[in-house]
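For reference, the structure discussed in these notes is given below.
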Amino acid sequence: MSGEPAVVVADLRKSYGPVRAVRGVGFRVARGEIFALLGPNGAGKSTTLEILEGFRARDAGRAEVLGLDPGDRGAARELRERIGLVLQDIAVEPYLTVRETVTRDAGYYRAPRDVDEVIGLVGLTGQERRKVRTLSGGQKRRLDLALGVVGDPELLFLDEPTTGFDPNARRGAWRLVRELRDTGTTVLLTTHSMQEAQALADRVAVLAGGRIVAEGTPDDLGGRDTAGARIRFALPPGCAAADLPVAAEVRGAQVTVRTAEPTGTLHRLTGWALQRGTALVGLTVERPTLEDVYLDLTGPDTAHDTPRGTPPDTAHETAEGGAR
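Position 266 of the sequence shown, counting from 1, maps to 266 under full-length UniProt numbering, and the rest follow consecutively.
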């Protein structure tokens, strides 16, 4: 992760009529890292990606991808040679086979990866002769991923890459993304899955209302690494909330203790339980999850996505004034 960054965004702005989709967004993606853009529907994620991919013109601000301006038509061919795209919905000829589809796209690049290697990487070995129209939703998504990596890109854009995957396929896709990162590919990812962001991303940025509201690693985003912990356990039989040695919230038989010093608090609780000869059944100690922090940062999700590629004059307008 050294040298010039793979992506530079500064004060990026884009409006569709009165709808301000992107309002001064700025971030950098280092070469060789996985960077995730998170945000509710309508936050501006897809608009930001489409600008970086060269599919939309920005109104203002700076955008650089691998040292090129994605809005410069003169740089479009070079940019296409050096990036890979896995969009939410990719148009694929339904009557071609898997092998024919990957082979066709490999022909667009000067130095593509081996077709059989790519088919194996995405878990479609044995499906080479099947026509695209006969594939399941998850298999089609694997094919999308194959088309994104067949050109051996320096930078890979992944927009909701594992939608429709079963758990095994999802973990296989994650493994592939990590392998790409480990061999030097930079990955810019959007996802609604906090589990996916936690598993893959080196850094994340949260978009809300067209602005970046937080940026950091999955473990420290929004102060998550220093936030108070929650200790939970079942209230021992014959005990009341007043009997506990620390302040706690009791709902039914479930006890929740919130503390900034989990080690000391846990020591007091376990010492108390040992003295009484009772057990703290179901004892867990948790800090806020990435999803907890994300929900605190973004608030209720009341917006709706605009499908990628929607013309600006028909882009969905949200009450927040953002369009995805």
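All residues carry an ideal CB built from backbone N, CA and C; glycine is no exception.
Take the Cβ of residue i as the centre, count every other Cβ of all protein chains shown within 10 Å, and call the residue buried at 16 or more, exposed below.
i, result
"Ala63", "buried"
"Gly228", "exposed"
"Leu200", "buried"
"Gln139", "buried"
"Asp219", "exposed"
"Ala21", "buried"
"Asp159", "buried"
"residue 369", "The structure shown has nothing for residue 369, since the chain only spans 1 to 324."
"Tyr16", "buried"
"Thr190", "buried"
"Tyr294", "buried"
"Asp152", "buried"
"Gln254", "exposed"
"Pro237", "exposed"
"Pro161", "buried"
"Thr302", "Here Thr302 scores only 38 on pLDDT, less than 50, and its place in the model should not be relied on; the value that follows carries that caveat. The residue is exposed, with fewer than 16 neighbouring Cβ atoms inside 10 Å."
"Gly32", "buried"
"Glu196", "buried"
"Thr259", "buried"
"Thr134", "exposed"
"Thr185", "buried"
"Ala60", "exposed"
Check residue i in the structure and name its three-state DSSP category.
i, result
"Ser15", "strand"
"Ala315", "Reliability of the predicted coordinates at Ala315 is poor, the pLDDT of 36 falling under 50, and the value obtained from them is presented with this limitation in mind. Ala315 falls in the coil class under three-state DSSP."
"Thr256", "strand"
"Ala169", "helix"
"Arg141", "helix"
"Val25", "strand"
"Val187", "strand"
"Thr284", "strand"
"Arg203", "strand"
"Val7", "strand"
"Asp159", "strand"
"Gly322", "Any reading at Gly322 must be qualified, since the residue scores a pLDDT of 36, below 50, and its modelled position is unreliable; no value is offered."
"Arg232", "strand"
"Ala240", "coil"
"Arg268", "helix"
"Ala36", "strand"
"Arg58", "coil"
"Ala30", "coil"
"Ala197", "helix"
"Ala208", "strand"
"Asp301", "At Asp301 the pLDDT is 45, less than 50, meaning the model places this residue with poor confidence; the figure from the coordinates comes in the next sentence. Asp301 falls in the coil class under three-state DSSP."
Can you give me the start and stop residues for the beta strand (DSSP E) that residue i sits inside?
i, result
"Gly216", "Arg211 to Gly216"
"Glu249", "Glu249 to Arg251"
If I'm right that residue i touches residue j with Cβ under 8 angstroms, what's the distance once you round it to whole angstroms?
i, j, result
"Arg82", "Glu154", "5 angstroms"
"Gly71", "Gly54", "7 angstroms"
"Leu280", "Phe233", "4 angstroms"
"Val92", "Leu143", "7 angstroms"
"Val102", "Leu147", "7 angstroms"
"Leu265", "Val250", "A quick correction: the sequence has Thr, not Leu, at residue 265. Thr265 to Val250, Cβ: 16 angstroms. No contact."
"Gly209", "Ala43", "7 angstroms"
"Leu188", "Val7", "6 angstroms"
"Val115", "Leu145", "Contact doesn't hold; Cβ gap of about 14 angstroms is too wide."
"Val150", "Val118", "5 angstroms"
"Asp166", "Gly222", "Actually they are not in contact, since the Cβ atoms of Asp166 and Gly222 sit about 31 angstroms apart, beyond 8 angstroms."
Starting from residue i, trace the alpha helix (DSSP H) both ways and give me its first and last residue.
i, result
"Leu221", "Counting along the chain, Leu221 falls outside any alpha helix (DSSP H), and DSSP gives it neither H nor E."
"Val150", "Where Val150 is concerned, there is no enclosing alpha helix (DSSP H), given that its DSSP letter is neither H nor E."
"Ser46", "Lys45 to Glu53"
"Val246", "Neither: Val246 is in no alpha helix (DSSP H) and is coded neither H nor E."
"Thr298", "Leu290 to Thr298"
For the ligand SAH, any of its heavy atoms closer than 6 angstroms to the Cβ of residue i?
i, result
"Gly238", "In terms of ligand content, the structure shown is empty, and the ligand SAH therefore cannot be addressed."
Exercise for review: Could I get the ranges of all uninterrupted beta strand (DSSP E) runs contained in the stretch 60-134, with 3 residues as the minimum, in chain order?
Suggested key: Positions of the beta strand (DSSP E) runs, each at least 3 residues long and wholly inside the stretch 60-134, are given as 60-65 and 83-86 in order along the chain.
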